[in-house]
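*Asks:* Residue 47 is where the sequence shown starts when you use the working numbering, and the numbers rise one by one after that. Beta carbons are placed, not taken as given, at the ideal position from N, Cα and C, and that holds for glycine. Next up is a structure, given as structure tokens.
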Amino acid sequence: MSFSSDPVVRIKNASIFQDDKTVLNDVNFEIEKGEFVFLIGRTGGGKTSLLKTLYADLDLRLGEINVAGYNIGNIKKNEIPLLRRKLGIIFQDFQLFPDRTVAENLTFVMKATGWKENSKMKARQTEVLMQVGLGSVASKMPHQLSGGEQQRVVIARALLNEPVILLADEPTGNLDPEVSQGIFKLFQDINKSGTAVLMATHDHTLVKNYPARVLKCDGGKLLDSKLENFELSAKYY
Ligand SMILES: Nc1ncnc2c1ncn2[C@@H]1O[C@H](COP(=O)(O)OP(=O)(O)OP(=O)(O)O)[C@@H](O)[C@H]1O
Numbered sequence: 047m048s049f050s051s052d053p054v055v056r057i058k059n060a061s062i063f064q065d066d067k068t069v070l071n072d073v074n075f076e077i078e079k080g081e082f083v084f085l086i087g088r089t090g091g092g093k094t095s096l097l098k099t100l101y102a103d104l105d106l107r108l109g110e111i112n113v114a115g116y117n118i119g120n121i122k123k124n125e126i127p128l129l130r131r132k133l134g135i136i137f138q139d140f141q142l143f144p145d146r147t148v149a150e151n152l153t154f155v156m157k158a159t160g161w162k163e164n165s166k167m168k169a170r171q172t173e174v175l176m177q178v179g180l181g182s183v184a185s186k187m188p189h190q191l192s193g194g195e196q197q198r199v200v201i202a203r204a205l206l207n208e209p210v211i212l213l214a215d216e217p218t219g220n221l222d223p224e225v226s227q228g229i230f231k232l233f234q235d236i237n238k239s240g241t242a243v244l245m246a247t248h249d250h251t252l253v254k255n256y257p258a259r260v261l262k263c264d265g266g267k268l269l270d271s272k273l274e275n276f277e278l279s280a281k282y283y
């Protein structure tokens with residue numbers, strides 16, 4: 047059972063694996079409702095693996111992880127879609143279907159997560175598209191949108207089910223600096239409205255300019271700026 051004051055993410059003594067290799071050892075942290083947290087570290091340091099473990103894409107073999115009230119260590123296969131309904135996942139692997147309109151892309155996710163009534167689906171789509179600053183793109187194909195607009199649609203899709211936390215892997219990667227700024231501002235706005243954010247990034251300018259808690263994958267350990275000071279400058283990640 048989960049209570050409204052419980053952290054959104056709670057990790058105790060967990061190890062993160064890729065195949066038989068331990069990527070991170072003895073990971074411990076909590077993320078509270080509405081918190082904003084950066085996840086940094088060198089390429090191959092384990093950011094993506096950690097995020098994938100949180101949404102039950104990688105098995106948890108050691109330690110305890112609780113996400114949005116689900117115990118990831120013993121989650122059943124048929125509970126995984128229910129867990130993911132509570133999360134907004136923004137990953138390179140989850141791009142838009144190129145052969146479907148924006149509305150069809152959103153409808154696909156909604157049907158897969160239990161939405162049935164067309165009128166309600168349409169209303170919610172309009173809401174989330176407005177929230178990400180896109181008024182009139184529902185009937186467009188992804189290729190008719192700029193990279194930044196496509197990323198906004200991906201974020202809108204992640205918001206459809208009012209997630210308690212957004213898990214984002216390099217959401218501003220591959221975008222011009224100015225467009226990245228706009229996307230980052232959108233994450234800030236979403237966070238201000240109460241959704242927690244865990245964002246993996248290599249963009250040291252963002253991390254430097256926006257004071258927030260930082261978790262850093264560093265040599266198989268996860269450091270937490272809440273507990274210790276560490277170097278944030280670019281040359282270290
Ligand atoms: N599918 C996979 N199968 C086996 N090993 C993998 C797989 N994906 C990643 N790894 C390994 O796991 C380790 C952690 O990789 P991970 O992708 O989590 O790091 P990262 O910090 O997200 O890196 P990047 O910043 O480049 O995205 C690396 O040594 C990587 O080679």
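Work out the CA separation of Tyr116 and Lys123 for me, nearest whole Å.
*Replies:* Taking the first residue of the sequence shown as 1, we reach residue 123 at position 77. Taking the first residue of the sequence shown as 1, we reach residue 116 at position 70. The straight-line gap from Cα to Cα measures roughly 12 Å.
*Asks:* For a test of the three-state rule: what should DSSP assign to Thr241, helix, strand or coil?
*Replies:* One-based indexing of the sequence shown puts residue 241 at position 195. Coil.
*Asks:* Between the C-alpha atoms of Gln197 and Asn59, what's the straight-line distance to the nearest angstrom?
*Replies:* Residue mapping note: residue 197 aligns to position 151 of the sequence shown, counting from 1. Residue mapping note: residue 59 aligns to position 13 of the sequence shown, counting from 1. So the alpha carbons of these two residues sit roughly 34 Å apart.
*Asks:* Under a Cβ-count criterion, where at least 16 other Cβ atoms within 10 Å of its own Cβ denotes burial, should Lys157 be classed as buried or exposed?
*Replies:* What you label residue 157 is simply residue 111 of the sequence shown in a count that begins at 1. Result: exposed.
*Asks:* By Cβ distance below 6 Å, which residues in the same chain neighbour Ile121 in space, the five residues on each side in sequence not counted?
*Replies:* Translated into the one-based positions of the sequence shown, residue 121 becomes position 75. For Ile121, where only same-chain residues beyond five positions count, the Cβ hits under 6 Å are Ala102.
*Asks:* Just to check my reading of the structure: Ala214 and Ala246 have Cβ atoms closer than 8 Å, yes? What is that Cβ distance to the nearest angstrom?
*Replies:* Looking up residue 214 in the sequence shown gives position 168. Looking up residue 246 in the sequence shown gives position 200. Ala214 to Ala246, Cβ: 7 Å. Contact.
*Asks:* Is it a yes or a no for the segment 182–196 touching the segment 141–154, going by three-plus beta-carbon pairs under 8 Å?
*Replies:* Touching, yes, given that three or more Cβ pairs across the two stretches are closer than 8 Å.
*Asks:* Measuring only from the beta carbon, is His248 closer than 7 Å to any heavy atom that is part of ligand 2?
*Replies:* Among the ligands modelled here, namely ligand 1, ligand 2 does not occur.
*Asks:* Along the chain, where does the beta strand (DSSP E) that runs through Glu110 open and close?
*Replies:* Start at 1 with the first residue of the sequence shown, and residue 110 comes out as number 64. Start and end: 108–113.
*Asks:* At what residues does the beta strand (DSSP E) containing Arg88 begin and finish?
*Replies:* The residue labelled residue 88 in the question sits at position 42 within the sequence shown. Premise fails: Arg88 is in no beta strand (DSSP E) and is neither H nor E.
*Asks:* Say the cut is 7 Å; is the CB of Val69 nearer than that to a heavy atom of ligand 1?
*Replies:* Counting from one through the sequence shown, the residue named residue 69 turns up at place 23. Within the cutoff, so yes.
*Asks:* First and last residue of the alpha helix (DSSP H) that includes Arg203?
*Replies:* For the purposes of this step, residue 203 is identified with residue 157 of the sequence shown, where counting begins at 1. Arg203 -> alpha helix (DSSP H) spans 193–205.
*Asks:* Assess, as a yes-or-no matter, whether the segment 62–82 is touched by the segment 229–242 under the definition of 3 or more beta carbon pairs within less than 8 Å.
*Replies:* Judged by Cβ distances under 8 Å, the segment 229–242 makes contact with the segment 62–82, as three or more pairs qualify.
*Asks:* Does ligand 1 have even one heavy atom less than 7 Å from the beta-carbon of Ser95?
*Replies:* Position 49 of the sequence shown holds residue 95. Under cutoff, so the answer is yes.
*Asks:* Does Arg88 come within less than 8 Å of chain B when only Cβ atoms are used?
*Replies:* Among the chains in the structure shown there is no chain B, since it carries only a single protein chain.
*Asks:* With 16 as the cutoff for other CB atoms within 10 Å, does Asp249 come out buried or exposed?
*Replies:* If you number the sequence shown from 1, residue 249 lands on position 203. By the neighbour-count rule (16 or more Cβ atoms within 10 Å), Asp249 is buried.
*Asks:* Alpha carbon to alpha carbon, how far is Glu125 from Phe233? Give it in angstroms, no decimals.
*Replies:* Locating residue 233 in the sequence shown gives position 187, where the first residue counts as 1. Locating residue 125 in the sequence shown gives position 79, where the first residue counts as 1. So the two alpha carbons sit approximately 27 Å from each other.
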